[in-house]
Amino acid sequence: MRKPCCDKQYTNKGAWSRQEDQKLIDYIRIHGEGCWRTLPQAAGLLRCGKSCRLRWINYLRPDLKRDNFAEDEEDLVIKLHALLGNRWSLIAGRLPGRTDNQVKNYWNSHLKRKLASKGIDPNNHHYMIRNLCRPDQNSQVFSSATSSEKSHACHQVSDAGSCLENGLPDLNLDAGSCLENSAISAHQENQKHGDSKITIDTNRVLSPSTLLLFR
DNA sequence: AAGGGCGCCAACCGCTGTCAG
DNA sequence: GCTGACAGCGGTTGGCGCCCT
């Protein structure tokens, strides 16, 4: 069992005061980042080193953007999430001035809902196909999406793949998702030709979870 | 005007990865 | 190879403010 990083009895918790912020900023200006364990004592702070690190990285760093996410940043987060999943630090690394915490919070509070409202499952970036199968009240979700939005979801994985060609690191893409995606694209083809029923090309491979949606 | 519900976001917690001794 | 210290990550929580009834 690892020892705690600090003696919790003698550390403050909760929101940081201005004085605490100033002490941390002053200390880091002079000594630079790092040695978080010894920093609190050296800087005269009654805080855990971990807490100091978090406060600096997520709030006090001078290069942080504090404004709302721009549309292109949103798009990038969505594409990177399709590629990387909940690897917030990797995603944030591609957004200058944004922290992993900011990206995570923005995803959970805005983007998840935004995708869901367009009928896109925020977990796997696929359309929630059940909505297509059952023309009940749920189907409104899908029908309210514009064609470009539908296209966006169905091509999420291939778009993300194209990011790789633009210099993203070598990542292990989920091949299963691509195959499922191609089956969804097949459905799109049917839609284009006016077919109201879903037909599945059995030569295309679907995961069991996706197959369940069609039953 | 009040208070209950909800969303946002800063901060915390627990865990993992890495590296030095 | 083992152990402990440290940094970093992702999930979760709690407090605050806004909105609606």
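In full-length UniProt numbering, the protein residues as written are 1 to 215.
Glycine included, C-beta positions come from ideal geometry on N, C-alpha and C.
Can you tell me whether Cys48 is buried or exposed? The criterion is at least 16 other CB atoms within 10 Å of its CB, across all chains shown. buried
Three-way DSSP call (helix, strand, coil) for Arg61 in this model: For Arg61, the three-state secondary structure derived from DSSP is coil.
Between the C-alpha atoms of Arg113 and His126, what's the straight-line distance to the nearest angstrom? 14 angstroms
Limits of the unbroken alpha helix (DSSP H) element including Tyr127: Taken as a continuous stretch (DSSP letters only), Tyr127 belongs to no alpha helix (DSSP H), as it is neither H nor E.
Kindly indicate which residue of Glu33, Arg55, Phe69, Thr99 has the alpha-carbon position closest to the one of Ser17. Arg55
Quick check on Ala42: buried or exposed, where buried means 16 or more other Cβ atoms within 10 Å of its Cβ? exposed
Mind checking Lys79: buried by the 16 CB within 10 Å criterion, or exposed? buried
Using the beta-carbon count (16 or more within 10 Å), is Gly14 buried or exposed? exposed
For Ser117, count the other beta carbons within 10 Å of its own beta carbon; 16 or more makes it buried, fewer makes it exposed. Which is it? exposed
Would you check if the distance between the CB atom of Cys52 and the CB atom of Leu45 is smaller than 8 angstroms? yes
At a cut of 8 angstroms, does the segment 27-42 reach the segment 64-81 through at least three beta carbon pairs? no
Segments assigned alpha helix (DSSP H), at least 4 residues, entirely inside the segment 11-37: 18-31
Answer with buried or exposed for Pro40, where buried requires no fewer than 16 other C-beta atoms within 10 angstroms of its C-beta. buried
From this set, Asn58, Asp26, Asn124, which residue's C-alpha is nearest Arg98's C-alpha? Asn58
Nearest candidate by alpha-carbon position, reference Glu73, set Asn86, Gln102, Pro62, Arg61: Gln102
Tell me, please, which residues DSSP counts as bridged to Ile120. DSSP, once it has assigned bridges, lists Tyr127 as partnering Ile120.
Skipping 5 residues on each side, what residues in its chain have a beta carbon closer than 7 angstroms to that of Trp107? Taken in chain order, the residues that qualify are Val77, His81.
Rounding to the nearest angstrom, what Cα-Cα distance links residue 232 and Asn105 in this structure? Nothing about residue 232 can be read from this structure; the chain reaches only from 1 to 215.
Inter-residue CB distance, Lys50 and Trp36 (contact presumed, cutoff 8 angstroms): 7 angstroms
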